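Step one of this worksheet: look at the structure below.
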Amino acid sequence: MTQTAASDVDPTPSTSREEIDAAVARVRAGYASGRTRPLEWRKQQLAALVRMLEDNEDQLVAALAADLGRPPFEGWAMDLRLTAREIGELVSGLESWLAPEKVKVPMLFQPARAQVVREPLGTVLVIAPWNYPIQLLVAPLAAAIAAGNTVVCKPSEVAPATSAAMARLIPEYVDPAAVAVVEGGVDETTALLDRPWDHILYTGNGTVGRIVAASAARHLTPVTLELGGKSPVIVHSDANLKYAAARIAYGKFVNAGQTCIATDHLWVHRDVADELLRLVEDEITDRYGADPRSSKDFGRIVNSRHTQRIRTLLDAGGYDLVCGGDVDLDARYVAPTVARVTDPGAALMGEEIFGPVLPVLVYDDLDEPIKAIVSGDKPLALYVFTSSDEVADRLRDETSSGGFCVNDVMLHVGVSNLPFGGVGASGYGAYHGRWGVETFSHRKAVLRKPSRSIDAPILRPPYKPWKKWLTKKVF
Ligand code: NAD
3 MTQTAASDVD
13 PTPSTSREEI
23 DAAVARVRAG
33 YASGRTRPLE
43 WRKQQLAALV
53 RMLEDNEDQL
63 VAALAADLGR
73 PPFEGWAMDL
83 RLTAREIGEL
93 VSGLESWLAP
103 EKVKVPMLFQ
113 PARAQVVREP
123 LGTVLVIAPW
133 NYPIQLLVAP
143 LAAAIAAGNT
153 VVCKPSEVAP
163 ATSAAMARLI
173 PEYVDPAAVA
183 VVEGGVDETT
193 ALLDRPWDHI
203 LYTGNGTVGR
213 IVAASAARHL
223 TPVTLELGGK
233 SPVIVHSDAN
243 LKYAAARIAY
253 GKFVNAGQTC
263 IATDHLWVHR
273 DVADELLRLV
283 EDEITDRYGA
293 DPRSSKDFGR
303 IVNSRHTQRI
313 RTLLDAGGYD
323 LVCGGDVDLD
333 ARYVAPTVAR
343 VTDPGAALMG
353 EEIFGPVLPV
363 LVYDDLDEPI
373 KAIVSGDKPL
383 ALYVFTSSDE
393 VADRLRDETS
403 SGGFCVNDVM
413 LHVGVSNLPF
423 GGVGASGYGA
433 YHGRWGVETF
443 SHRKAVLRKP
453 SRSIDAPILR
463 PPYKPWKKWL
473 TKKVF
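FYI, in this note's numbering the residues of the sequence shown are 3 to 477.
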């Protein structure tokens, strides 16, 4: 496979203001037409999205390779298959998740029936990032359609080949009265954010997340923010080290570390640190060979700005190199790197790395990583390798994170029954499976009284003393 990167691809064309206006007007009218209400219509659109991913597998995998040097299997598994599976779960669960939910009515209001009814929000905006540019556009789009909304979606300009593919294919497969794709960068996203929406789901970094939330606040638009951060992995002294090393290396080096739930940094117990790092090094060689640069299975950094950003983190020092460390700006290559942190203030420990560099901190007492985690931003994911339920439970209960996974990494995101989302600085709101349908629905409180029933005016004037006595008894 030829390893190309973003700069080799034509830049993303922008959607003009007029085209944006027309697209928004079209999908707003689409919502008003009522076409999105029938369950059957929603299922058809979801099935069409799956067909889009399957019919165009080769060109989509090629777009991911052009943008991110993604190995074909990785692109297929993480962007196409995972998304198709997520949509399949939506189709099979939808009817039961949307069924009106009966709730109890207090005696005082009887006879009556009460229900929670999920209704669509209207026309929503989905803004996607570049690192899993198909999955992170199409999965929220599918959840929004499943809940009966019409959608404008904005792929990331940083992955231009995939953005172009999405802009071409989505209207071919999905009802254009219900879904529009707007391409472009900051200007186009700002133009979209200037207007009112019924919901915005944004995936990306926290700085832009704050811009999105501030713009939305002007229109009282509710927002879901799927952000990132530094997700730690802890390897305790009683862990199965070989098993942990394989999973940590995968979590860090898949998509060249550009994964929001990547194992950002590693905390390892002193007793097993040397052995674990040796095993992680072996894993790197086993997976990518002695020269990972020539491996067909190792990706590239999305562009030179991000490659330079990672180089700057490495250049700042504060660690002993265990392996890797090479950066080639022109090739957008950063070697799989493991670095033993010697200065806790090292730049590598300051921001989310979002590249194939694993800083390692050693601890003697579990209190140390716990203290570090609770004193920083709440991570999107937290991983622990241990054979002890007490250790796992302590970490689960004494820390806060978007997700928590024991003896593996990233897998929790593939379980559609679990909500996927952050907490604190890693975002708010969630989707996947029924959680996505909840995000894009309004839970309407519905109370129905029969048109004729006994009338006991207990709460209405005149307020006689017996009314208070009776109200206290029955309410
Ligand atoms: P990005 O640069 O592609 O930005 C995301 C979107 O924001 C793009 O569509 C872009 O056009 C838009 N945007 C950029 N600047 C803007 C501005 N000033 N105003 C309005 N819109 C703007 O992606 P990124 O932010 O580099 O993505 C990487 C980050 O996303 C990492 O922090 C990662 O952890 C996080 N992430 C989170 C998840 C998750 O599901 N929680 C998934 C993937 C990535």
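No residue lacks a Cβ here, since even glycine has one placed at the ideal position from N, Cα and C.
Keep in mind the model is a prediction, meaning the values are calculated, not measured.
Suppose contacts are defined by Cβ-Cβ distances below 8 Å. Is residue i in contact with residue j by that definition?
{"i": "L51", "j": "Y175", "result": "yes"}
{"i": "L82", "j": "L48", "result": "no"}
{"i": "V154", "j": "A25", "result": "yes"}
{"i": "V329", "j": "R311", "result": "no"}
{"i": "L203", "j": "A427", "result": "no"}
{"i": "V336", "j": "I303", "result": "yes"}
{"i": "P381", "j": "P173", "result": "no"}
{"i": "G424", "j": "Y433", "result": "no"}
{"i": "D273", "j": "S239", "result": "yes"}
{"i": "H201", "j": "V140", "result": "no"}
{"i": "I375", "j": "D266", "result": "no"}
{"i": "A130", "j": "T205", "result": "yes"}
{"i": "I460", "j": "L110", "result": "yes"}
{"i": "K254", "j": "L360", "result": "yes"}
{"i": "A383", "j": "S403", "result": "yes"}
Compute the Euclidean distance between the alpha carbons of residue i and residue j, then round it to the nearest angstrom.
{"i": "A161", "j": "A144", "result": "20 Å"}
{"i": "R115", "j": "K451", "result": "7 Å"}
{"i": "L363", "j": "G435", "result": "36 Å"}
{"i": "K156", "j": "P358", "result": "27 Å"}
{"i": "V480", "j": "Y430", "result": "Because the chain here runs from 3 to 477, residue 480 falls outside it and cannot be looked at."}
{"i": "V107", "j": "T152", "result": "34 Å"}
{"i": "A394", "j": "T388", "result": "7 Å"}
{"i": "R72", "j": "T441", "result": "31 Å"}
{"i": "L243", "j": "Y290", "result": "20 Å"}
{"i": "I351", "j": "E392", "result": "Note on residue identity: the sequence assigns Met, not Ile, to residue 351. Near 28 Å, if we compare the C-alpha coordinates of E392 and M351."}
{"i": "T344", "j": "G320", "result": "5 Å"}
{"i": "M3", "j": "H308", "result": "Residue confidence for M3 is low, a pLDDT of 32 falling below 50, so the modelled location carries little weight and cannot support an answer."}
{"i": "A502", "j": "L323", "result": "The shown model of the chain, from 3 to 477, leaves out residue 502, and the question about it has no answer."}
{"i": "I147", "j": "R39", "result": "10 Å"}
{"i": "A65", "j": "E400", "result": "42 Å"}
{"i": "E20", "j": "R197", "result": "14 Å"}
{"i": "V214", "j": "S418", "result": "26 Å"}
{"i": "Q5", "j": "T261", "result": "Confidence is the limiting factor: at Q5 the pLDDT is only 39, short of 50, which leaves the residue's position unreliable, though a coordinate-based value still follows. Each residue's Cα considered, the two are about 19 Å apart."}
{"i": "A67", "j": "G211", "result": "27 Å"}
{"i": "A163", "j": "A264", "result": "24 Å"}
{"i": "V181", "j": "V29", "result": "6 Å"}
{"i": "G2", "j": "R342", "result": "Given a span of 3 to 477 for the chain in the structure shown, any question on residue 2 remains unanswerable."}
{"i": "A275", "j": "E370", "result": "15 Å"}
{"i": "R334", "j": "E76", "result": "18 Å"}
{"i": "L316", "j": "E97", "result": "51 Å"}
{"i": "L100", "j": "R44", "result": "12 Å"}
{"i": "K470", "j": "L84", "result": "59 Å"}
Quiz item: Considering only residues of the segment 290-371, which uninterrupted beta strand (DSSP E) runs meet the minimum length of 3 residues and lie entirely inside it, listed in chain order?
Solution: Entirely contained in the segment 290-371, the beta strand (DSSP E) runs reaching 3 residues are, in chain order, 321-325, 339-343, 359-365.
Practice problem: Mind the definition here: the segment 455-475 touches the segment 217-230 only if three or more C-beta pairs lie below 8 Å; say whether that holds. | Solution: Output reads no: the segment 217-230 does not touch the segment 455-475.
Exercise. Decide if the segment 185-199 is in contact with the segment 80-97; the criterion is three or more beta carbon pairs, one per stretch, under 8 Å apart.
Key: The segment 80-97 and the segment 185-199 do not touch, with fewer than three beta-carbon pairs separated by less than 8 Å.
Exercise. Let me know the beta strand (DSSP E) ranges lying completely inside the segment 251-276, each 3 residues or longer, listed in chain order.
Key: Unbroken beta strand (DSSP E) runs of no fewer than 3 residues, entirely contained in the segment 251-276, are found at 267-271, following chain order.
Exercise. Could you tell me whether the segment 407-427 touches the segment 247-260, using the rule of 3 or more Cβ pairs below 8 Å?
Key: Taking 8 Å as the limit for Cβ pairs, the verdict is that the segment 247-260 does touch the segment 407-427.
Self-check item: Whole beta strand (DSSP E) elements within the segment 63-136, 3-residue minimum
Solution: Uninterrupted beta strand (DSSP E) stretches at least 3 residues long and entirely within the segment 63-136 occur at 103-105, 115-122, 125-129, given in chain order.
Quiz item: In chain order, which beta strand (DSSP E) runs of at least 3 residues are fully inside the segment 357-440?
Solution: If we require 3 residues or more, the beta strand (DSSP E) runs fully inside the segment 357-440 come out as 359-365, 383-387, 405-408.
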